[in-house]
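Peer 1: Once you know that position 149 of the sequence shown is 153 in our numbering, the rest is easy, because the numbers rise by one and skip nothing.
Each residue gets a CB set at the ideal place from its N, CA and C atoms; glycine is no exception.
Okay, here's the structure, questions in a sec.
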Amino acid sequence: MKTGVLKDNYYLVHVTIQARAAKLSEAAALWLSAKMASTVPGSKFSNIIVLPSHGINDKGQIIQTLQVSGLFRAGEDAADLGVTLSEKSGKKLTSLTGVIELTKINYIPIMDSPATNLVVTKAAATKAAATKAAATKAAATKAAATKAAATKAAATKAAAAKAKAAAAKASSKK
5 MKTGVLKDNY YLVHVTIQAR AAKLSEAAAL WLSAKMASTV PGSKFSNIIV LPSHGINDKG
65 QIIQTLQVSG LFRAGEDAAD LGVTLSEKSG KKLTSLTGVI ELTKINYIPI MDSPATNLVV
125 TKAAATKAAA TKAAATKAAA TKAAATKAAA TKAAATKAAA AKAKAAAAKA SSKK
C-alpha cells in the first residue's frame, strides 16, 4: 500500500489485524504470523514486536488478533508498506480487515551520531577524573606532611622539655 511517508524520516508503524475461524476445527490453523516489509530500496523495518491474542467474538467464532509494531525508516517519499499474514500451514491470508497507523517520530539512532564526539567526551571525562584524583592525592600528601611536621615539632619540643627537666634535676643533685 502507498503511504505519505517522507524520505529519511522515521515512523512508528502499528498494525492491528483480526482473523476468525468459522468452526472450532479450524481454530488450530489460526496461528497467524505477520511480516512487515517494504519493496523500496533503503527502507527498513526494525524493532518489530508481535503481540498475538485469541478470543471468541459475540457470534461464538474464534478470533485471533495480531498487533504488530515496528520502527520504519523510509527510503524514499511515499514508500510502499506491505503486511503479509500466513497461517500455521504457511498459507498466505488475504482479504483481512485491519488498521494500520503511521506516526512520524523524531528518532536519532545512536550510530548516526559522530563517534568522535563520544570519544572526546570520554577523554575529557577521563582527564577530569585524573585531575581530581591527582588533586585529592596532593591534598592528602600535604595533610600527611603537615601532620608529620607537627608530630616532629611536638616530639622535638617534648625532647627539649625532657632534656631541660633532666638538666634541672642534675643541677639540683649537685
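Name the two residues that bound the continuous beta strand (DSSP E) containing PRO56.
Peer 2: For the purposes of this step, residue 56 is identified with residue 52 of the sequence shown, where counting begins at 1. PRO56: member of the beta strand (DSSP E) spanning 48-60, first to last residue.
Peer 1: Are the stretch 81-99 and the stretch 143-162 touching, with three or more C-beta to C-beta distances below 8 Å?
Peer 2: no
Peer 1: Quick test of your reading: ALA38 and ILE21, contact by CB under 8 Å. State the CB separation rounded to the nearest angstrom.
Peer 2: Start at 1 with the first residue of the sequence shown, and residue 38 comes out as number 34. Start at 1 with the first residue of the sequence shown, and residue 21 comes out as number 17. About 7 Å separates the two Cβ atoms, so the contact holds.
Peer 1: Over what stretch of residues does the beta strand (DSSP E) that includes LYS39 continue unbroken?
Peer 2: Counting from 1 along the sequence shown, the entry for residue 39 is found at position 35. Segment 37-41, the beta strand (DSSP E) holding LYS39.
Peer 1: State yes or no: is the C-beta of LEU75 within less than 9 Å of the C-beta of TYR15?
Peer 2: As a first step, residue 75 is located in the sequence shown; it is residue number 71 there, counting from the start. As a first step, residue 15 is located in the sequence shown; it is residue number 11 there, counting from the start. Against a cut-off of 9 Å, the Cβ pair of TYR15 and LEU75 comes out as a contact.
Peer 1: Considering only residues of the same chain and omitting the five flanking positions on each side of HIS58, which have a CB-CB separation below 6 Å?
Peer 2: Counting from 1 along the sequence shown, the entry for residue 58 is found at position 54. Only GLN68 meet the Cβ criterion.
Peer 1: Would you report the Cα separation of TRP35 and THR130, rounded to the nearest angstrom?
Peer 2: Your numbering for residue 35 matches position 31 in the sequence shown. Your numbering for residue 130 matches position 126 in the sequence shown. Approximately 54 Å between the Cα atoms of the pair.
Peer 1: Roughly how many angstroms separate the alpha carbons of ILE114 and LYS141, rounded to a whole number?
Peer 2: The residue labelled residue 114 in the question sits at position 110 within the sequence shown. The residue labelled residue 141 in the question sits at position 137 within the sequence shown. For ILE114 and LYS141, the distance between alpha carbons rounds to 37 Å.
Peer 1: Assuming GLU91 and LEU97 are in contact, meaning their beta carbons sit under 8 Å apart, how far apart are those beta carbons, in whole angstroms?
Peer 2: For this step, residue 91 is matched to residue 87 along the sequence shown. For this step, residue 97 is matched to residue 93 along the sequence shown. The pair is a contact, with the Cβ atoms about 6 Å apart (cut-off 8 Å).
Peer 1: Given this structure, state the Cα-to-Cα distance separating VAL100 from ALA23, to the nearest angstrom.
Peer 2: Working through the sequence shown from its first residue, we reach residue 100 at position 96. Working through the sequence shown from its first residue, we reach residue 23 at position 19. At residue 100 the sequence reads Leu, which differs from the Val that was named. Distance between the alpha carbons of LEU100 and ALA23 is about 7 Å.
Peer 1: How is the beta strand (DSSP E) around GLU105 delimited, first residue to last?
Peer 2: Here residue 105 is taken as the residue at index 101 of the sequence shown, counted from 1. Run containing GLU105: 101-109, per the beta strand (DSSP E) assignment.
Peer 1: Considering only C-alpha positions, which residue in the set ALA25, ALA78, ALA167 and VAL87 is nearest to GLY64?
Peer 2: For the purposes of this step, residue 64 is taken as the residue at position 60 of the sequence shown. Taking only the C-alpha atoms, the option nearest GLY64 is ALA25.
Peer 1: Less than 8 Å between the CB of ARG77 and some heavy atom of the ligand PLP, yes or no?
Peer 2: Absence of the ligand PLP from the depicted structure is noted, as is the absence of any ligand whatsoever, leaving it without description.
Peer 1: Please classify ALA152: is it buried, with 16 or more other beta-carbons within 10 angstroms of its beta-carbon, or exposed?
Peer 2: On the sequence shown, residue 152 is found 148 positions in, with the first residue counted as 1. The residue in question, ALA152, is exposed, as its Cβ has fewer than 16 Cβ neighbours within 10 Å.
Peer 1: Which same chain residues end up closer than 7 Å to LYS108 when comparing Cβ atoms and leaving out the 5 residues on each side of it in sequence?
Peer 2: What you label residue 108 is simply residue 104 of the sequence shown in a count that begins at 1. Result list for LYS108: ASN13 and TYR15, in chain order.
Peer 1: Determine the burial state of LEU10: buried for a count of at least 16 other Cβ atoms within 10 Å of its Cβ, exposed for fewer.
Peer 2: On the sequence shown, position 6 is the one that residue 10 refers to. Under this definition LEU10 is an exposed residue.
Peer 1: Which term fits VAL179, buried or exposed, when burial requires 16 or more other beta carbons within 10 angstroms of its beta carbon?
Peer 2: As displayed, the chain neither begins before 5 nor continues past 178, which places residue 179 out of reach and without an answer.
Peer 1: Please return the same chain residues whose Cβ sits closer than 7 Å to the Cβ of SER44, not counting the five positions on each side in sequence.
Peer 2: Numbered from its first residue, the sequence shown carries residue 44 at position 40. The displayed chain sequence assigns Val, not Ser, to residue 44. Correct list, in chain order: GLY79, GLU80, ALA83 and ASP84.
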